[in-house]
Amino acid sequence: MSKLASRPDWADDEEFDDPSALPPQQVTTNKDGTKTVVSYRFNDDGKRVKTTQRIRTTVVKETVNPRVAERRAWPKFGLEKGHPAGPSFDTTSVGENIIFRPSVTWKKDGKEEQTKKDDPKEKLKNMKVKCRICDGEHFTARCPFKDTMAPMGEDGAAGGGAGAGGMNGDDAPEDKAGGLGTGGGGYVPPHLRGGAKAASGGERMGGKYERDDLATLRVTNVSEFAEENDLREIFERFGRVTRVFLAKDRETGRAKGFAFISFADRTDAAKACEKIDGYGYGHLILRVEFAKRAT
Amino acid sequence: MRPILLQGHERSLTQIKYTKDGDILFSCAKDQIICAWFSANGERLGTYHGHQGALWSIDVDPSTTLLASGAADNTVRLWDVRTGKCIKVWDFNTAVKRVEFNEDGTKLLAVTEKRMGFLGTIVVFDIVPDVDAEQTNERALTITCDESKATVAAWSYLSKYIIAGHEDGSVSQYDAKTGELLDNFQAHEVDMEIKDIQMSPDRTYFITASKDKFAKLLSARDLSPLKQYATETSLNSAALTPKKPFVVLGGGQAAMDVTKTSSRQGKFEARFYHKIFEDEIGRVKGHFGPLNTVAVDPLGRGYASGGEDGYVRVHHFEGAYWGFQYEVEREKGEESADL
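Same order as they appear, the protein sequences are chains R and E. With UniProt numbering, letter number 212 in the first sequence gets 212, and the count goes up by one each step, no holes. With UniProt numbering, letter number 256 in the second sequence gets 256, and the count goes up by one each step, no holes.
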C-alpha cells in the first residue's frame, strides 16, 4: 500500500519516462520489520531494470576480547584500502548450506547412498565376483539371502514353479536367441555374455530383473500391439519409471504379451501394482505382480 | 553450516593461518599476495604486497602484531599486521617452504628448499616482537638437513625442540638451542613426503599429514606414535580441533592428476576423524580441487580450508558438531553428572 502511495500518479508516469533519468531509490519499511528497497539501473542493453530487494536486518551482539574489538576497527589497507566496512561482494560470498552431522556410522551410511547412486556403472565395473542369488559381490556360498531366496537362474532354467505361469514358454526361446541384446536392456559386455552361455539363457534374463527386482513389476497379458511408450505412460503416473522392458518377437516385431517395469521407488511400484492389476488395456485385462518370486 | 567463500587469490592456496584469538584469518597463495580476513564475516582487512614469487607459507605471531611469510623468491618477509607494511626482508639462496613463530613470538624458523647445489636448511631468527624495533640479520641457528630435506617444521612446547617433517616420510626432533639432531623416526612410508605438521594447542604432540594417505599423531617429546588416521587419498594438511577431540584432514589427489578424474572421485573433501577412536565421523564437501591447507580456529569455533581451486572456505561449526559424542563419552558424562 505504502508503495502505491509513494509512486507518482500513473498519468504523470509518461512524462517522467525520460530514458536518461532513473527514478530515485525508494526505501519503505514494512510492518514485519523488513525493508523494501526499490532501485533502478540500466543493464548492458541500455534497458531500465528495476530491482526490488527485501532486507531484514538482524543485529547480533557479541562480547569479544578487547584485543579483537580493537583489531575490528583497524583501517583497511592494501587492495582493500579505502573500502567501506563490511564484506565486499567481489571477494566474499556465502556458499550453499552444508549439512555436517558427525556420526560414527558415517561411512556406512555414505556407502549405501553411493552404491545406490552409481548402480549401473558400478555393477559393470566390479563384475568379477557375482553371487548367483542376489547378484552381490561375493560368492554364492556366502550370500546372506542363501536361505531365503532361490538362485536367479532357477526361474528361467528349471521352468520355475514360482508363478512364472504360461509366459515361461515364451521366455526361454527368446533368450536363447540372444534376446537380451535386442530387448532394450542395454549393452552387455562380451565377458558377461560368455559367462552366461554355460548356464541357460534364463539366468541372464533373471539377472536382468533381479538387479532391481525390489521395484520391478511383471506385467502379463499385454496386447501384442502395445508399445513400450504406452506402458511407460500408464505406469509413469505412479512414480519415476527407470526401465520399461517389453518382450517383442524378433521376426514380427510384435509384443509377446509380457513386460517388466522398473520403478525408482518400491512404494510407487506397490501402488502401481495395486492400481493397474486388472486394468483394461487394448482388448485385454492386464495382470500385474512383482517380478520377484515368492520366497 | 553455511560456509563463507573468500575469493581473494587468483592461484592455488598454499597456507592459511588463524590468529591466536581466531578473529583474523591469513591466507597466502601462489599469486604473490597475502590476504587478511575477518573470520566472522569474511570481510577482507587488507593485503600484503612485496613478494616476487609464489608464497609457500605464512605465520602470525601470538600477539597479532607481526606476520612472517616465506616465498619462492628466496626471501622471508616480516610484515606489520595492522598496516600491511613490510618491515624486514631476509634473503636466502633457495625458496622458503615454511615459516613459523615459536610460542611467545620471539623466534622464527624458516625451512629452505634443497636446490641448485644448496642443501635444505632450517634457519632460526631471533625476533623482537615490536613493529618499530630493528630486526637482526643474524641467524640464531642453522640446521642443515643432509640426508633428506625438511619440508615442514614446527616448534614444540617451551620452544624446546624443533620438529621437522622430511621428504622421505620421516620426522626429526632437533634441539632448538643447539640444533643437534636428537631423534629421527620413520613415521610415514619411505619416500612419502610429509606435507604438513601442526602442533596441538599445548604443543606437546602434533599431527602430520603425508602423501602416503595417513595422518599421524606423534608425541613431541619422544616422537612416539600416538594415533593414526587412514584415508583413501593423499593428504596435504591436517589440523586438530580444540574443544572437541577431532582432527580435520584435507587432501585429494595431486594437482597434476586432477584433470584425469571427476570431482566426485577426486575426494576433495575435508575429512573429520575422531582423535581418540580414529574413526571417520564426517566429511565436508565444497572445493573443486584438492585441499592444500586446513586451519582450525584456536578457539574451536570453526575451521577454514584453502584449495587448489583458489578459494578459501570458512566454516563455523553448528549444533550437530557440538552435540556429537560417542556412546562411551555420553555415558561417562552422565555418570559424572550423577555423582
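Backbone N, C-alpha and C fix where the C-beta goes; we use that ideal spot for every residue, glycine too.
Output, in sequence order along the chain, the residues in the segment 21-34 of chain E whose CB is closer than 8 Å to any CB in chain R. Asp21, Asp23, Ile24 and Ile33
Against chain R, with Cβ distances strictly below 8 Å, would Pro62/E count as a contact? no
Which word fits Ala269/R, buried or exposed, when buried means at least 16 other C-beta atoms lie within 10 angstroms of its C-beta? Answer is buried; the Cβ neighbour count reaches 16.
Would Gly253/R be called buried (16 or more neighbouring beta carbons within 10 Å of its own) or exposed? exposed
In terms of residue numbering, what span does the beta strand (DSSP E) encompassing Val99/E cover? Val96 to Phe101
Is there at least one Cβ from chain R nearer than 8 Å to Val131/E's Cβ? no
Return the chain-ordered list of same chain residues with a C-beta closer than 6 Å to the C-beta of Gln32/E, the five sequence neighbours on each side being excluded. His51
Can Ala320/E and Val294/E be called in contact, C-beta distance under 8 Å? No, these two residues do not count as a Cβ contact at 8 Å.
Taking only beta-carbon positions, decide if Tyr48/E is within less than 8 Å of chain R. Cβ-Cβ to chain R under 8 Å: yes for Tyr48/E.
Restricting to Cα atoms, I'd like to know which of Gln186/E, Pro201/E, Lys149/E and Phe118/E is closest to Thr241/E. Pro201/E
Short CB-CB distance (under 8 Å) between Thr241/E and chain R: no
Whose C-alpha, out of Asp168/E, Asp23/E and Ile162/E, is nearest the C-alpha of Glu62/R? Asp23/E
Let me know the secondary structure DSSP gives residue 361/E once reduced to three states. Since the first residue shown for chain E is 1 and the last is 339, residue 361/E is missing from the structure and cannot be characterised.
On the DSSP letters alone, give me the boundaries of the alpha helix (DSSP H) that Glu274/R sits inside. Arg266 to Ile276
Classify Pro75/R: buried if its beta carbon has 16 or more other beta carbons within 10 angstroms, exposed otherwise. exposed
Interface flag, Pro87/R vs chain E, CB-CB below 8 Å: yes
Is DSSP giving Val59/R helix, strand or coil here? Looking at Val59/R - three-state DSSP - the assignment turns out to be coil, as it is neither helix nor strand.
Just by C-beta distance, which residues in the segment 55-67 of chain R are closer than 9 Å to chain E? Glu62, Val64, Asn65 and Arg67
Using a Cβ-Cβ distance cut-off of 8 Å, determine whether Pro84/R contacts chain E. no
Which residues in chain R have a C-beta closer than 8 Å to the C-beta of Pro3/E? List them in chain order. Val94, Gly95 and Ile98
For Glu80/R, go through chain E and note every residue whose CB falls closer than 8 Å to its CB, in chain order. Arg44, Leu45, Gly46 and Thr47
7 Å Cβ shell around Leu19/E - same chain, five flanking residues per side excluded: With the sequence shown as reference, residue 19/E is identified as Thr, and Leu is not the correct amino acid for it. Val60 and Thr64.
Determine the chain R residues that contact Lys285/E at a beta-carbon separation under 9 Å, and present them in chain order. Ile98
With a 10 Å radius around its C-beta and 16 neighbouring C-beta atoms as the bar for buried, classify Asp171/R as buried or exposed. In this predicted model, Asp171/R has a pLDDT of only 42, less than 50, meaning its place in the structure is not dependable; the value taken from the coordinates is given anyway. With 16 or more other Cβ atoms inside 10 Å of its own Cβ, Asp171/R counts as buried.
Mark Ala230/E as exposed unless 16 or more other C-beta atoms lie within 10 angstroms of its C-beta, in which case mark it buried. exposed
Write down every uninterrupted run of the beta strand (DSSP E) in the segment 128-190 of chain E whose length is 3 residues or greater and which is fully enclosed by it, in chain order. 139-145, 150-155, 161-166, 171-175 and 181-185
What are the residues in the segment 277-301 of chain E lying within 9 Å of chain R by C-beta distance? Phe277, Asp279, Glu280, Ile281, Gly282, Arg283, Val284, Lys285 and Gly286
So with CB distances below 7 Å, who are the chain E contacts of Thr91/R? Residues of chain E whose Cβ lies closer than 7 Å to the Cβ of Thr91/R are, in chain order, Leu6, Gln7, Gly8 and Arg44.
Where does Val244/R sit, in a helix, a strand or coil, going by DSSP? strand
Between which residues of its own chain and Ala226/R is the CB-CB distance below 6 Å, once the five residues before and five after are set aside? If the five residues before and after Ala226/R are omitted, its C-beta is found closer than 6 Å to the C-beta atoms of Ala255, all from its own chain and listed in chain order.
Within-8 Å CB hit, Gly165/E to chain R: no
Distance, Cα to Cα, Leu299/E vs Ser39/R? If you take the alpha carbons of Leu299/E and Ser39/R, they lie about 42 Å apart.
Own chain, CB closer than 7 Å to Asn30/R, minus 5 neighbours either side, in chain order: Thr36
Between the segment 259-267 of chain R and the segment 229-243 of chain R, do at least 3 Cβ pairs fall closer than 8 Å? Touching, yes.
May I ask which residues mark the beginning and end of the beta strand (DSSP E) holding Trp90/E? Cys86 to Asp91
Can you name the residues that DSSP bridges to Thr241/E? Phe246/E
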